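Peer 1: My structure is below; once you've seen it, I'll send some questions.
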């Protein structure tokens, strides 16, 4: 992750849950998708790489008891839930695979990477490294957006997303070449926001790609969204790719 993106998340930390929690139903749905695939059990050694404020770490802690919460943003880690089950580790995914992170374990039974892989420059090396950290029978799950999205963003933001977003098929290929059995699936959740709330989220740069637009460009984009969507409630599907790799 670049220093610019890390700084973006430091700035966003105070409003992160407001921007990304969406609803209790969304949190429950996504947590269920994660737990169904990773199947964490009591005593499992678990790491959440790019954990943010721990929105989706809670379910892992409840199942396994303790999770290494890895994120390069200290401001995000400061907002982890209280409790000994959350072990903060200020580090990037690159730090983890290169041995620079102070982790509680050398091997893991469960590794989650949720909406963080697009920040990794050398994805092949990092995914191979994470696969190498799995214990026998260990699982790694990469949760990511597909290469196109149906968000009501402005055109320049949508085009930039498509330019930058990695392909889940490529992620699956990296994990397969690292010796894992891989399964790629997609699931969607219907989102609904008042237009006012969604425009505030865009103004807050809730997606990291929005940090690539200056204030004037962002306001022009917000005006474009407002004009294109006269309705007061914005409804759209949030579709995710789930790339699950399993060590034999």
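Numbering (our numbering), first residue to last: 17 to 264. C-beta: ideal position from N, C-alpha, C; glycine also. Predicted model only: the values in this text are computed from it and were never measured.
Rounded to whole angstroms, what's the CA-CA distance from residue 156 to residue 104? Just pull it up for me.
Peer 2: By 1-based counting over the chain shown, the position of residue 156 is 140. By 1-based counting over the chain shown, the position of residue 104 is 88. Answer to the nearest angstrom: the Cα atoms are 19 Å apart.
Peer 1: Tell me which residues share the same chain as residue 192 and place their Cβ nearer than 6 Å to its Cβ, disregarding the 5 neighbours each side in the sequence.
Peer 2: Working through the chain shown from its first residue, we reach residue 192 at position 176. Answer for residue 192: 198, listed in chain order.
Peer 1: Does the beta carbon of residue 125 fall short of 6 Å from some heavy atom of the ligand NAD?
Peer 2: Looking for the ligand NAD in the displayed structure turns up nothing, as the structure carries no ligands at all.
Peer 1: So residue 49 is in the beta strand (DSSP E); what residue range does that whole segment cover?
Peer 2: In the chain shown, the residue the question calls residue 49 occupies position 33. Unbroken run through residue 49 is the alpha helix (DSSP H), 40 to 54; no beta strand (DSSP E).
Peer 1: To the nearest whole angstrom, what separates the beta carbons of residue 126 and residue 56, a pair I think is in contact under 8 Å?
Peer 2: As a working mapping, residue 126 is identified with position 110 in the chain shown. As a working mapping, residue 56 is identified with position 40 in the chain shown. The pair is a contact, with the Cβ atoms about 5 Å apart (cut-off 8 Å).
Peer 1: My understanding is that residue 263 touches residue 115, with C-beta atoms under 8 Å, so please give their C-beta distance in whole angstroms.
Peer 2: Numbered from its first residue, the chain shown carries residue 263 at position 247. Numbered from its first residue, the chain shown carries residue 115 at position 99. About 19 Å; that fails the 8 Å criterion.
Peer 1: Suppose you measure from the CA of residue 237 to the CA of residue 225; what does that come to, to the nearest Å?
Peer 2: Counted from its first residue, the chain shown places residue 237 at position 221. Counted from its first residue, the chain shown places residue 225 at position 209. Residue 237 and residue 225: Cα-Cα distance of roughly 13 Å.
Peer 1: In its own chain, which residues sit with a C-beta less than 8 Å from the C-beta of residue 203, not counting the 5 before and 5 after it?
Peer 2: Position 187 of the chain shown holds residue 203. Here the set comprises 49, 255, 256, 258.
Peer 1: Please state the DSSP three-state secondary structure of residue 202.
Peer 2: Taking the first residue of the chain shown as position 1, residue 202 is located at position 186. Of the three classes helix, strand and coil, the one that applies to residue 202 here is strand, per DSSP.
Peer 1: Taking the CB atoms as reference points, tell me whether residue 252 and residue 166 lie closer together than 7 Å.
Peer 2: Residue numbering aside, residue 252 sits at position 236 when the chain shown is read from its first letter. Residue numbering aside, residue 166 sits at position 150 when the chain shown is read from its first letter. Yes.
Peer 1: Report, in whole angstroms, the separation of the C-beta atoms of residue 148 and residue 194, which I expect to be a contact under 8 Å.
Peer 2: Translated into the one-based positions of the chain shown, residue 148 becomes position 132. Translated into the one-based positions of the chain shown, residue 194 becomes position 178. With a Cβ gap of about 7 Å, residue 148 and residue 194 count as contacting.
Peer 1: Could you give the first and the last residue of the continuous alpha helix (DSSP H) run that contains residue 211?
Peer 2: Translated into positions along the chain shown, residue 211 becomes position 195. Residue 211 -> alpha helix (DSSP H) spans 211 to 219.
Peer 1: Can you give me the C-alpha to C-alpha distance between residue 91 and residue 151, rounded to a whole angstrom?
Peer 2: Within the chain shown, numbered from 1, the residue matching residue 91 stands at position 75. Within the chain shown, numbered from 1, the residue matching residue 151 stands at position 135. Whole-angstrom Cα-Cα distance: 31 Å.
Peer 1: Which of helix, strand or coil does DSSP assign to residue 108?
Peer 2: The residue you call residue 108 lines up with position 92 of the chain shown. Reduced to three states, the DSSP call for residue 108 is coil.
Peer 1: My output table needs one value for residue 225: the three-state DSSP class, helix, strand or coil.
Peer 2: As a first step, residue 225 must be located in the chain shown, where it is residue number 209. Of the three classes helix, strand and coil, the one that applies to residue 225 here is helix, per DSSP.
Peer 1: Near residue 85, which residues of its chain fall below 7 Å by C-beta distance, leaving aside the five closest residues on each side in sequence?
Peer 2: Mapped onto the chain shown, residue 85 falls at position 69. So the qualifying residues of the chain are 64, 67, 70, 73, 93, 96, 102, 103, 104, 105.
Peer 1: From residue 118 to residue 181, what does the alpha carbon distance come to, in whole angstroms?
Peer 2: Mapped onto the chain shown, residue 118 falls at position 102. Mapped onto the chain shown, residue 181 falls at position 165. Taking the straight line joining both Cα atoms gives about 29 Å.
Peer 1: Would you kindly report the start and end of the unbroken alpha helix (DSSP H) that includes residue 96?
Peer 2: Stepping through the chain shown from its first residue, residue 96 is reached at position 80. Careful: residue 96 lies outside any alpha helix (DSSP H) and carries neither H nor E.
Peer 1: Since I believe residue 142 is in contact with residue 179 (beta carbons under 8 Å), could you give me their beta-carbon distance rounded to a whole number of angstroms?
Peer 2: One-based indexing of the chain shown puts residue 179 at position 163. One-based indexing of the chain shown puts residue 142 at position 126. Not really, about 21 Å apart at Cβ, beyond 8 Å.
Peer 1: Since residue 75 and residue 47 should fall inside the 8 Å C-beta cutoff, what is the C-beta to C-beta distance between them, to a whole number of angstroms?
Peer 2: The count along the chain shown starts at 1 and reaches residue 75 at position 59. The count along the chain shown starts at 1 and reaches residue 47 at position 31. Indeed they touch by this definition, with Cβ atoms about 4 Å apart.
Peer 1: Starting from residue 238, follow its DSSP beta bridges and name the residues at the other end.
Peer 2: Mapped onto the chain shown, residue 238 falls at position 222. None; residue 238 has no bridge partner.
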